[in-house]
Amino acid sequence: MQPPIAPQATMALTTRQEQKISPFLEPGLQTKASSLAILQLSRDNLLPVYLQATAGEHDGYAEGVVVNTRYGSFPHSTMIGVPWGSQIRASKVDTGSRGRKRKRPTDDDPDAAATPQTANETEAPAESGTQAEDAGNATAGVKQAVAASSGFIHILPPTPEIWTMSLPHRTQVVYTPDYSYILHRIRARPGSVVIEAGAGSGSFSHAAVRAVYNGYPSSTTTTGKRKGKVFSYEYHEQRFHKMQKEIVEHGLEGLVHLTHRDVYNDGFLVDGGRSPGADAIFLDLPAPWEALPKLSRRKPESIPGDEEWVSPLNFKKSVYICTFSPCIEQVTRTVSALRRLGWVDIDMVEIANRKLHTVRDRVGLHLPVDRGVNNTPKDVDEAITRLAEIEDRFREHARLAKGAADEDVTDLAPPPGGQNSSKKAMNDVNGKEGYHSWVDGRLVTRGEPEIKTHTSYLVFAILPREWTEEDEAAALARYPVGSEQLHPVVGSLDKAARKKERRELLQKQGNRKARRKERAEKLLGEP
Amino acid sequence: MHSTIRPNAWVALKLPAGMHRVLQVAPNTTISLGKYGSFPANLIIGRPYHLTFEIQDRQPGEAPRLRVVSPSELHAEALADEASPGCATPTGPGSSEAAVISAVTTGEEFSLVETESGNVVARSNAEQLLDETARQTLTQDEIEALKRGDGTNAGKDVIEKLLLSHTALDQKTSFSLAKYKLLKTKKYIRRFQVLPIDVPNFANWQLEERDASKVLDMRAEMIGLVGCWANVHYGGEEVFLEDPQATTEEGEEKLPAIQEEQLRGRWLVVDDTCGALVAAMAERMGVLHPEESDSDSEEGQGGEEEGTKAMTTGEDAEDSDTEMAEAQDPTPSEPTGDATPADAANPKPRKPRASDFAIPFSQTNTITVIHSASQPNLSFLNYWGFDITSPCHLPHPLLNHLLNLTWLQLLKPELDTSYFTPPLVADAETLAGWKPSRRGNFHRKRRRWARIRHIVDSTRAGNFSGLVCASTMDPISILKHTLPLLAGGAPVAIYSPTIEPLAQLADCFSVSRRTAWTSGSVAEVINKSAEELERWPGTDDFPLNPSLLLGTSIQTSRARRWQVLPGRTHPLMTERGGAEGYVFTAWRAKPAEGRVEAKGKFKRRKTEAGAVTVGAEAAAGVVKAETGDAAVEPEA
Numbered sequence: 001m002q003p004p005i006a007p008q009a010t011m012a013l014t015t016r017q018e019q020k021i022s023p024f025l026e027p028g029l030q031t032k033a034s035s036l037a038i039l040q041l042s043r044d045n046l047l048p049v050y051l052q053a054t055a056g057e058h059d060g061y062a063e064g065v066v067v068n069t070r071y072g073s074f075p076h077s078t079m080i081g082v083p084w085g086s087q088i089r090a091s092k093v094d095t096g097s098r099g100r101k102r103k104r105p106t107d108d109d110p111d112a113a114a115t116p117q118t119a120n121e122t123e124a125p126a127e128s129g130t131q132a133e134d135a136g137n138a139t140a141g142v143k144q145a146v147a148a149s150s151g152f153i154h155i156l157p158p159t160p161e162i163w164t165m166s167l168p169h170r171t172q173v174v175y176t177p178d179y180s181y182i183l184h185r186i187r188a189r190p191g192s193v194v195i196e197a198g199a200g201s202g203s204f205s206h207a208a209v210r211a212v213y214n215g216y217p218s219s220t221t222t223t224g225k226r227k228g229k230v231f232s233y234e235y236h237e238q239r240f241h242k243m244q245k246e247i248v249e250h251g252l253e254g255l256v257h258l259t260h261r262d263v264y265n266d267g268f269l270v271d272g273g274r275s276p277g278a279d280a281i282f283l284d285l286p287a288p289w290e291a292l293p294k295l296s297r298r299k300p301e302s303i304p305g306d307e308e309w310v311s312p313l314n315f316k317k318s319v320y321i322c323t324f325s326p327c328i329e330q331v332t333r334t335v336s337a338l339r340r341l342g343w344v345d346i347d348m349v350e351i352a353n354r355k356l357h358t359v360r361d362r363v364g365l366h367l368p369v370d371r372g373v374n375n376t377p378k379d380v381d382e383a384i385t386r387l388a389e390i391e392d393r394f395r396e397h398a399r400l401a402k403g404a405a406d407e408d409v410t411d412l413a414p415p416p417g418g419q420n421s422s423k424k425a426m427n428d429v430n431g432k433e434g435y436h437s438w439v440d441g442r443l444v445t446r447g448e449p450e451i452k453t454h455t456s457y458l459v460f461a462i463l464p465r466e467w468t469e470e471d472e473a474a475a476l477a478r479y480p481v482g483s484e485q486l487h488p489v490v491g492s493l494d495k496a497a498r499k500k501e502r503r504e505l506l507q508k509q510g511n512r513k514a515r516r517k518e519r520a521e522k523l524l525g526e527p
Numbered sequence: 001m002h003s004t005i006r007p008n009a010w011v012a013l014k015l016p017a018g019m020h021r022v023l024q025v026a027p028n029t030t031i032s033l034g035k036y037g038s039f040p041a042n043l044i045i046g047r048p049y050h051l052t053f054e055i056q057d058r059q060p061g062e063a064p065r066l067r068v069v070s071p072s073e074l075h076a077e078a079l080a081d082e083a084s085p086g087c088a089t090p091t092g093p094g095s096s097e098a099a100v101i102s103a104v105t106t107g108e109e110f111s112l113v114e115t116e117s118g119n120v121v122a123r124s125n126a127e128q129l130l131d132e133t134a135r136q137t138l139t140q141d142e143i144e145a146l147k148r149g150d151g152t153n154a155g156k157d158v159i160e161k162l163l164l165s166h167t168a169l170d171q172k173t174s175f176s177l178a179k180y181k182l183l184k185t186k187k188y189i190r191r192f193q194v195l196p197i198d199v200p201n202f203a204n205w206q207l208e209e210r211d212a213s214k215v216l217d218m219r220a221e222m223i224g225l226v227g228c229w230a231n232v233h234y235g236g237e238e239v240f241l242e243d244p245q246a247t248t249e250e251g252e253e254k255l256p257a258i259q260e261e262q263l264r265g266r267w268l269v270v271d272d273t274c275g276a277l278v279a280a281m282a283e284r285m286g287v288l289h290p291e292e293s294d295s296d297s298e299e300g301q302g303g304e305e306e307g308t309k310a311m312t313t314g315e316d317a318e319d320s321d322t323e324m325a326e327a328q329d330p331t332p333s334e335p336t337g338d339a340t341p342a343d344a345a346n347p348k349p350r351k352p353r354a355s356d357f358a359i360p361f362s363q364t365n366t367i368t369v370i371h372s373a374s375q376p377n378l379s380f381l382n383y384w385g386f387d388i389t390s391p392c393h394l395p396h397p398l399l400n401h402l403l404n405l406t407w408l409q410l411l412k413p414e415l416d417t418s419y420f421t422p423p424l425v426a427d428a429e430t431l432a433g434w435k436p437s438r439r440g441n442f443h444r445k446r447r448r449w450a451r452i453r454h455i456v457d458s459t460r461a462g463n464f465s466g467l468v469c470a471s472t473m474d475p476i477s478i479l480k481h482t483l484p485l486l487a488g489g490a491p492v493a494i495y496s497p498t499i500e501p502l503a504q505l506a507d508c509f510s511v512s513r514r515t516a517w518t519s520g521s522v523a524e525v526i527n528k529s530a531e532e533l534e535r536w537p538g539t540d541d542f543p544l545n546p547s548l549l550l551g552t553s554i555q556t557s558r559a560r561r562w563q564v565l566p567g568r569t570h571p572l573m574t575e576r577g578g579a580e581g582y583v584f585t586a587w588r589a590k591p592a593e594g595r596v597e598a599k600g601k602f603k604r605r606k607t608e609a610g611a612v613t614v615g616a617e618a619a620a621g622v623v624k625a626e627t628g629d630a631a632v633e634p635e636a
């Protein structure tokens, strides 16, 4: 897996005045230059690429920037300005001479002819044209790309799922089955503020940003809806820098606030003591219990000193937390710390995710010999038919052999044994119209060859809002108790109340009936 | 949202036994929790969510009061267990002194032994495992009398008395004692917790306690997966089409035209879960919960007024007509969910009423529901104060962001009367001569016509950002008609309680089908334009165009819950069974026109490819066909 190619050009573009919306949040309908795109080489082989429009030759390529894969070479000019999801044909790119020009300009390498690239070119010479038109965006200085037949790729818009799939395994990655469940449970919604400690590979950050995004914060208007934001903390310096770069490149500035911090000791406050006002917290730390006291509403006893306590939490709402730890001992300690710090509804789960493949289970004698075909009888009937056939042929052969001695018949019998004859039958089927490998056989599902049985334990908890005596008194004054008798009872009723209600209802209905009767009589009486 | 419990909000009251009671907290009423007692609703209104309340004993002549139970009290037992060094025993008489205790199994007998001294702390064997009821000296009548008695101390006294009058308490193991106590606590303690009705809580309640089949057995894991894989998120600032200011004499030409470049962040839904899926999506897009005003003083009154206003608006036909115009006013006026009585007192300058052809829907951040009946079944949205059938609706974000149309309107609009019939026209004079009710109907019909026209036309314009599906219909038939509507690269996520429909769907995109399709060996495909192939009608061999989706995959997830207690951590013994639930995911592809070679460069094939000589067309063709198979899907 190659790391994403990120030139300085993209950095400059994202820092310009006008706010550019991240391709993760609004990719638009078409690919754009200097934006992130994911190339799908094959099912699970995804390659993040920053598309670049170049004005001339780049790195020795006449076509500008080129991505080289095992499916051929793909100049960026063929991938800019096309609809997302497009299938992109490989182009004929001179990869061979480029290196040689620099190193050995005069050397005529005899091996070059044997490289698959050149082999492909000779195999399918035509088929250009269509792709060259697509590459209309390419500037004059760039050589127009010519389609090759070595293969194709698809170009996909970045989403947190695709990004997670394409991530090189830098550190423990929080995968989609886990983060989808976590974000659902911790109520990360548009407008929420999420704290994430241990930014790690950034897979969770991207998913969290998408969940809380409800517009970029604007400097002009400070009022209005609260904007969702992710406050991310990373202790590891290299990872921090890598992540910071990614945020800029992905256009997530203003949505992710990344801090290089040891949260165990330094807590979660930002900009010199301001509270992020978090609604939800995700801790992917080796020792979440050490960070938990910093996430209190009141100053916990375990923290010494007497400076004023600023809570990083939203003081108006219940706060949801999730911690992500692989070991059960970590869970025990975390849960214990949560209990001591007043969290409620503590719940621990682990997520087991399975991917399933669908295959055609092709079993049967009548099937052609092919990859994945099991040429054994598909059922008892077929087995019997075949056995009977063999017996028949055996008898026939014996009879003929006997007869040959008598009547001098020479070699008309087929060779004994079912093997050849069934093969012949198969060849018949093979040639038959209407046999298709994709409709034949039973459709079955099968798990992956290797499954992830354990990722981590997820501990969930809720910290309700602080509720003081004064708050209670104020609420009681606003919603005074005492006029309940005038209203019906809500919720499940005890028997007596239910009976009473029913009686009253019947009475009322009776009254209405009586009234109606009265009215009807009146009407009748009038004329 | 959900900072405090607002008047008339839907909440879930979590009872000690783990059950939930979902109800609307109307002010000035009494909420009854059955055997756990009852209390005035005003005692929880304005209070925060997730607090645990205890119903206190009723003082003579007074309504019962509530007490907030502190978390330390809730966790008292677990914390006490942690304090005891062994961590093996829950609290019980005598056990707290036991230093280190280990469980020993000897034959039939199970006993707890103090490891230091070797003393047997508790023991159980066949003879001693006795009938619970036989050992309880209190009769049922006595217990009932206890419960009814005045000083039950929120049920705690009952539990204590029960424990005390149990003759075999000393013979119980610490484990069984803890279990016994828990059982009695669940039964008698008068506590409850107030949870907000949001999608996770609602879905959980519907699944566990109500009718799971109504939500197609969709668990929280699945809701999360579907939402993420379909990339459902906030789709941008709302954009409205300009009011065409059509007068009543003008016909269809005055309808504002669809502006395709404005249509962004739209998701297509097929929902047979009574609206649970739509609610989950709306929550992810930020259009489910009405905005809460931050100031506390408004908060209370607005909510209280809601109920009464809803009642009055239903009365009068003419009145309701103007109400609807206001409710669906395209320009977001007052903060939703806050129909303030202040408005009535000192009316703001009234905005000119929007014309009949003004489109109330946002062009971005919308959910388009396609339904098979003439009306969509989205009844669960009532829990969030949205009723799609209501003609006069209070302000709600879903009003501008939820579009619905039938399959007939989508696929054969010419057969749909309400789409096809041109709008009514009448000049101002005739209109003035009509009765108010007839005039109201006239406007209503014109507005409905404009809405349906807009919805159908904008949906057929396509370029949706994703497709989400939880339906009882065959997914192949759904995709046949919805795939052309998706933008390139748009994700598809289909939930099904069982795997078979999804397996059949995935098989339509199998490697062999795709190879056959792209290599040009399917006769029907040849000489078809890209447009025609996108709207592939389907054959027996190719129910769907296999090149329209990529990265197809089926997955399932299950959350396994654990009990975490000091020394007693283990997965739960039983969990919900039934339908497992599967999700199909893929992305919409835009296939290149013409024949596409898929060869790839693989080490194994290198020599093979090199061996092919130029001009040996037939041989090359064979190699391509073979290797193509592998290159499309190397994992196969």
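One line per chain: the protein sequences are P and A, in this order. Each residue of the first sequence is one higher than the last, beginning at 1 in full-length UniProt numbering. Each residue of the second sequence is one higher than the last, beginning at 1 in full-length UniProt numbering. Just so it is clear, CB atoms sit at the ideal spot from N, CA and C, and this is done for glycine as well.
- Taking 8 Å as the CB threshold, A/K528 stays off the interface with chain P.
- In the DSSP assignment, P/T358 falls within the beta strand (DSSP E) that extends over 344-363.
- For P/H454, there are no C-beta contacts with chain A under 7 Å, since the nearest C-beta of that chain is about 10 Å from it.
- By the Cβ-count criterion, A/L182 is exposed, with fewer than 16 other Cβ atoms from all chains shown falling within 10 Å of its own Cβ.
- Contact of P/V194 with chain A by beta-carbon distance below 7 Å is absent, the smallest such distance being about 14 Å.
- P/H250 and P/S35 have their C-alpha atoms roughly 8 Å apart.
- If you ignore the 5 residues before and after P/E466, its C-beta comes within less than 6 Å of the C-beta of R297, all in its own chain and listed in chain order.
- For A/A516, the chain P residues whose C-beta falls within less than 9 Å of its own C-beta are H436, S437, W438, listed in chain order.
- Secondary structure of A/W587 (DSSP, three-state): strand.
- Within 10 angstroms of the beta-carbon of A/T417 lie fewer than 16 other beta-carbons, which makes it exposed.
- Note on geometry: alpha-carbon atoms of P/N265 and P/L258 lie some 17 Å from one another.
- The Cβ-Cβ distance between P/P293 and P/L341 falls below 8 Å.
- A/I554 is positioned such that its CB atom lies closer than 8 Å to that of P/T358.
- Excluding five sequence positions before and after P/P276, the CB atoms of its chain that fall closer than 8 Å to its own CB belong to V193, I195, K229, F231, H257, F268, L269, V270, P312, given in chain order.
- Under the 10 Å beta carbon count, P/V65 is surrounded by 16 or more other beta carbons and is classified as buried.
- In the DSSP annotation of this structure, the continuous segment of the alpha helix (DSSP H) that includes P/Q244 starts and ends at 237-249.
- Counting C-beta pairs closer than 8 Å gives three or more between the stretch 219-230 of chain A and the stretch 449-469 of chain A, which meets the contact rule.
- Our two residues, P/A473 and P/G482, have alpha carbons roughly 15 Å apart in a direct line.
- The stretch 433-453 of chain A and the stretch 504-520 of chain A do not touch, with fewer than three beta-carbon pairs separated by less than 8 Å.
- Under DSSP, A/K14 takes part in a beta bridge, and its partners are A/H20, A/Q193.
- P/Y175 is positioned such that its CB atom lies no closer than 8 Å to that of P/S325.
- Beta-bridge partners assigned by DSSP to P/I390: none are found.
- Burial is judged here by how many other beta carbons sit within 10 angstroms of a residue's own beta carbon; P/G56 has fewer than 16 and is exposed.
- Contact of A/K590 with chain P by beta-carbon distance below 7 Å involves P83, G85, S86, Q87.
- The C-beta of A/H443 comes no closer than 8 Å to any C-beta of chain P.
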